[in-house]
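In what follows, a structure is listed as structure tokens, so that the remarks can point back to it.
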Amino acid sequence: MRQALVQLIFSRHRRPSVALVRRSVLVTLFLLGVYVALSLTYLTSLQSAMTEVSEVHNRKVEIIHQMSNIVQARSLYLYTVALNEDPWFRDDQYMAFRDVAVDFIDLRERLRALGLTSNEAQLLDQALGIIRVTAPLQEDIMQRILGGEDTAKVHADIIEKDLPLELELLSLFDALGEQVRDRAHEARLASENRYHMALRVLSVVTLLIVLSMLLGAARVVQRLGLIEGSLHQEKELAVGTLNNIADGVIVTDASGTILSMNRPAEQMTGISAGDAQGRPIESVYRPAHPSGESCLSPSMFAALLSGPANRAFRPQRLVNASGATHHVEETVSPIVDAAGEAVRVSYIFRDIGADMARLEQMSWEASHDHLTGALNRRAFEMELRQVLASARQGASHTLVYLDLDDFKVLNDTFGHPAGDAYLIELARTMNSRIRRHDRLARLGGDEFVVLLRDCSVEDADTIIRDLFEGISSIDFVFDGRRVPNPGASIGVLAVSPEHPDAESIMRKVDEACYQAKRTGKNRICVAQ
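Letter by letter, the sequence shown follows residues 1 to 528 in the UniProt record's numbering.
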């Protein structure tokens with residue numbers, strides 16, 4: 001081929017002008033080929049640079065996500081140990097609890113090795129500062145659990161000390177991930193600007209080279225168009241990768257018409273991307289307040305935002321096309337062009353239903369007795385302080401204190417499983433004989449209290465006697481054996497504003513219960 005070209009270029013013709021034209025055309029083709037090759041190489045290098053930037057930021061986002069997952073996993077191991085009393089299970093969870101710390105350190109070093117901006121480094125240092133507090137705190141709580149410390153106190157420390165720090169830590173990791181995504185967006189825009197600048201320069205050179213070869217120029221333009229389309233696809237892929245694919249993502253134009261949505265968004269809205277494309281976002285994505293009340297429409301909410309740095313977060317209740325409900329956390333971000341005009345809007349929403357259920361379960365466990373489902377001592381004392389405050393405003397309340405008489409005999413004779421089963425039946429019976437707004441609590445062992453709200457001692461007489469009769473009439477059979485009713489002594493006290501505090505009320509009603517025991521057991525004594 002090369003020999004043929006040389007011969008064609010340098011061969012002598014009888015018509016020099018034809019030879020000159022031929023040589024000129026061949027030289028032009030050769031230069032055009034060189035130019036096209038150089039242009040494609042340069043554009044490919046720009047594309048590779050954009051891909052490399054995306055990959056680096058993708059790795060950073062993935063590492064941050066893994067670090068956040070480790071923080072959640074470590075907390076979950078701690079909470080699981082707190083809720084499970086099996087020593088073998090606790091040992092396994094404790095080993096996993098310790099192991100994930102090593103993984104976290106490795107991820108931290110890998111993240112730093114990728115390079116961090118000053119803002120990213122500052123957020124990471126803040127997160128590590130909290131970890132320096134939570135790590136020894138969680139280790140201390142874990143050791144206390146393994147050492148057999150009181151479960152209620154440990155749960156209280158988890159909720160009051162550890163959980164707020166863990167939520168703050170997860171928020172910092174979310175902010176760090178957002179910083180990385182913003183940085184990736186800026187880098188992508190810079191790469192695109194370089195690409196378009198190079199494209200303009202190369203277009204001018206192309207016009208100078210192929211002035212006499214329109215067909216060749218058309219082919220070059222066509223090829224560049226294909227490259228530009230490929231780069232556009234790569235950009236869309238990078239955008240989809242940078243956005244957390246576990247979250248629902250909907251992208252609209254400035255008027256609120258849906259352009260695209262990912263698979264999680266399809267699942268949460270109940271509408272496919274093909275059906276949603278071209279429709280107003282309000283017809284596909286219909287969020288409401290967690291209470292169920294309607295809220296500002298997505299497009300109107302997005303219109304309140306301006307500028308690429310603005311973000312808006314709000315918890316939402318999303319009902320999809322099939323009627324299923326999702327609790328989501330929504331992020332709305334306008335996407336602006338080089339002139340600062342909003343051309344698109346992204347809606348990113350994450351399903352937080354599992355997180356909410358987990359927090360609700362932990363809250364319930366922190367305030368209730370795990371065996372009977374009644375309020376625990378801590379929650380009851382809070383209720384008692386509230387009713388004491390209302391009593392000082394003129395309200396009437398009655399406190400009923402119950403202590404089983406021969407529960408120890410039941411445990412010794414039939415075993416502790418029978419005793420636990422009886423306590424469950426006792427709590428069920430008592431709950432069935434009090435009003436819905438009354439409160440039943442287990443103080444510990446076989447001691448229970450009932451708080452009769454907005455009920456004087458005189459009005460409470462019928463309820464208390466019905467309660468006493470219900471307890472006395474419990475016919476309990478365990479493992480095929482009839483268990484004698486242990487009976488109960490009951491103390492009754494009117495919650496009076498004259499009582500200085502909740503502790504004095506508890507002492508007074510306890511004395512009334514003790515008086516009932518001292519005078520023969522299985523009876524009711526009203527404190528005077």
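Beta carbons are placed, not taken as given, at the ideal position from N, Cα and C, and that holds for glycine.
Report the CB separation of residue i from residue j in whole angstroms; it is logged as a contact under 8 Å.
i    : j    : result
V509 : L404 : Between L404 and V509 the Cβ distance is about 16 Å, and since that is not below 8 Å, they are no contact.
V249 : I105 : 32 Å between Cβ atoms; not a contact.
L124 : L176 : 6 Å
L440 : Y422 : Not confirmed; about 16 Å, so no contact.
A512 : G491 : 3 Å
V343 : A254 : 6 Å
V100 : R74  : 5 Å
D438 : L452 : 5 Å
Please classify residue i: is it buried, with 16 or more other beta-carbons within 10 angstroms of its beta-carbon, or exposed?
i           : result
K60         : buried
E498        : exposed
H196        : exposed
H155        : buried
T462        : exposed
M95         : exposed
G419        : buried
N84         : exposed
Q150        : According to the sequence as given, residue 150 is Asp; it is not Gln. Exposed.
E55         : exposed
G307        : Residue confidence is low: G307 scores 47 on pLDDT, short of 50, so the model does not pin down where it sits. No coordinate-derived value is stated.
Q93         : buried
R181        : buried
G229        : exposed
V457        : buried
D162        : buried
I281        : buried
N262        : buried
L226        : exposed
M67         : buried
L443        : buried
L208        : exposed
L242        : Because the pLDDT of L242 is 46, which lies under 50, any placement of that residue in the model is unreliable, and the number read from its coordinates should be weighed accordingly. With 16 or more other Cβ atoms within 10 Å, it is buried.
S45         : exposed
residue 530 : In the structure displayed, the chain extends from 1 to 528; residue 530 sits before or after that span and is not available.
L214        : exposed
E160        : exposed
E469        : exposed
L114        : exposed
E330        : buried
A494        : buried
L31         : exposed
A374        : buried
A516        : buried
D140        : exposed
L78         : buried
Kindly identify the DSSP beta-bridge partner or partners of residue i.
i    : result
H368 : L375
S333 : S346
P280 : T257
P287 : L318
H185 : H185 is not bridged to any residue.
D351 : V328
V249 : I348
Can you check which of these residues, the options, is closest to residue i by C-alpha distance?
i    : options                : result
S191 : T51, R110, F468, D420  : T51
L467 : V450, R481, D479, F476 : V450
A339 : L189, F414, N522, K408 : L189
R377 : G470, I335, D446, V345 : D446
D337 : E186, L78, W88         : E186
A184 : T519, I281, H57, V27   : H57
L146 : S118, W88, N522        : W88
D459 : I471, G480, I434       : I434
F414 : V477, E511, L111, Q267 : V477
S472 : R518, N522, L493, S432 : N522
S80  : L128, Q361, L38, I131  : A quick correction: the sequence has Thr, not Ser, at residue 80. Of the candidates L128, Q361, L38, I131, the one whose C-alpha sits nearest the C-alpha of T80 is Q361.
V34  : D351, Q277, A427, V210 : V210
V328 : H397, S322, V345, A246 : A246
A135 : I474, L165, H368, A121 : L165
A324 : A127, E266, L128       : E266
I352 : R392, L26, H326, E341  : H326
H370 : L38, I70, A82, V27     : A82
Nearest chain C C-beta to residue i closer than 8 Å, yes or no?
i    : result
A121 : No chain C is present in this structure, which holds just one protein chain.
For this session: For the UniProt domain "GGDEF" (395-528), list the alpha helix (DSSP H) runs that are entirely contained and at least 4 residues long, ordered along the chain.
Result: 407-414, 416-432, 457-472, 502-518
Exercise. Whole alpha helix (DSSP H) runs in the stretch 84-161 with 4 or more residues, listed along the chain?
Worked result: 87-113, 118-146, 151-157
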